[in-house]
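Participant: Here the sequence shown is numbered in the UniProt record's numbering, starting from 1 and rising by one per residue. The beta-carbon is built from N, C-alpha and C at its ideal position, and this holds for glycine as well.
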Amino acid sequence: MNHLISPSILASDFGNLQRDIEMLNHSEADWIHVDIMDGMFVPNISFGFPIVEVAKKHAAKPLDVHLMIQDPDRYLERFKEAGASGITVHFEACPHLNRTVNAIKDLGCKAGVALNPHTPVGFLEDIIEYLDLVLIMSVNPGFGGQKFIGNTYKKLRELKKMSSGRNAKLFIEVDGGVDDSNSLKLINAGANVLVAGNSVFSAKDPAAAIRTLKHPH
Ligand code: DX5
Ligand code: ZN
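1. Please confirm whether any heavy atom of the ligand ZN lies closer than 6 Å to the CB of His90.
2. Am I right that Met56 and Leu63 are in contact with their C-beta atoms under 8 Å? What's the rounded C-beta distance?
3. Sorry if obvious, but does the Cβ on Leu4 come closer than 6 Å to a heavy atom of the ligand DX5?
4. Taking Ser6 as part of the beta strand (DSSP E), name the residues at either end of that continuous run.
5. Between which two residues does the alpha helix (DSSP H) holding Ile210 run?
6. Mind the definition here: the region 141 to 154 touches the region 175 to 195 only if three or more C-beta pairs lie below 8 Å; say whether that holds.
7. State the Cα-Cα distance for the pair Ser181 and Ser164, rounded to the nearest angstrom.
8. Just the C-alpha distance for Pro72 and Ala208, rounded to the nearest angstrom, thanks.
9. Using 8 Å for Cβ pairs, my map puts Gly142 next to Met68. What's the rounded Cβ distance?
10. At what residue ranges does the region 91 to 129 contain a whole run of the alpha helix (DSSP H), taking only runs of 4 or more?
11. Which residue wins for smallest C-alpha separation from Asn116, given the options Phe148, Asp106 and Ala82?
12. Based on Cα-Cα distance, which residue from Lys214, Ala60, Asp20 and Asp179 lies nearest to Ser199?
13. Using a threshold of 6 Å, is the CB atom of residue 228 nearer than that to any non-hydrogen atom of the ligand ZN?
14. Should the region 110 to 127 be called in touch with the region 10 to 28, which here means at least 3 C-beta pairs below 8 Å?
15. Tell me, please, which residues DSSP counts as bridged to Asp175.
16. When burial is assigned at 16 or more other CB atoms within 10 Å of the CB, is Ser27 buried or exposed?
17. Going by other Cβ atoms of all chains shown within 10 Å of its Cβ, with 16 needed for buried, is Ala196 buried or exposed?
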């Protein structure tokens with residue numbers, strides 16, 4: 001599968017959200033990554049339903065919603081209603097992960113599970129077949145613009161190996177500190193969805209930055 005690009009609107013200009021989403025519509029972005037932080041699971045609060053609804057209103061591409069929140073089961077339906085195509089929850093926030101994943105699928109959304117940098121890929125051994133997506137965090141979640149953690153490559157290779165026989169269609173997403181200096185290496189390690197916040201929205205020409213991530217060399 002050719003890899004996908006999912007720019008994170010956390011790094012966009014909220015005063016010009018419509019403009020930035022329209023830029024993504026016209027770019028080579030495949031999905032639009034939406035980071036939800038609750039100030040409990042992570043030490044930061046991002047935004048909630050009203051912003052997701054605005055994103056949905058203008059987006060011509062699927063919303064890839066990343067929930068960095070405790071007890072996400074309470075809000076799955078509302079994120080679906082707000083416009084999520086895929087919903088990713090954190091392994092560390094879900095004591096009944098199998099139930100949570102089923103609830104996401106029952107809503108008709110793609111079901112994803114995110115792993116913090118210290119959480120071993122092996123913890124997904126008994127759920128990998130049921131997932132549409134695994135998100136490997138390559139920074140500690142909570143903030144954009146952090147430094148990429150090098151251990152990510154090893155985790156991607158492990159996940160690729162674990163999933164290849166058992167769930168070959170799995171989306172393997174990497175999130176945090178992704179830019180054109182590591183994109184090719186990430187793809188070679190097994191990633192097939194790249195999330196990028198600052199490397200896209202801080203660029204002089206964000207659509208060109210997306211193009212470079214889509215065609216790395
Ligand atoms: C971090 C978020 C990321 C973030 C990525 O907690 O999950 O999606 O927006 O931002 P960059 O690409 O700037 O590291
Ligand atoms: Zn994210």
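Facilitator: Quick answer:
1. no
2. First, the residue type needs correcting, since residue 56 is Lys and not Met in the sequence shown. The pair is a contact, with the Cβ atoms about 6 Å apart (cut-off 8 Å).
3. no
4. Leu4 to Pro7
5. Pro206 to Lys214
6. yes
7. 26 Å
8. 35 Å
9. 7 Å
10. 97 to 106
11. Phe148
12. Asp179
13. Summary: the structure shown does not reach residue 228, with the chain confined to residues 1 through 217, and so no result is reported for it.
14. no
15. Met137
16. buried
17. buried
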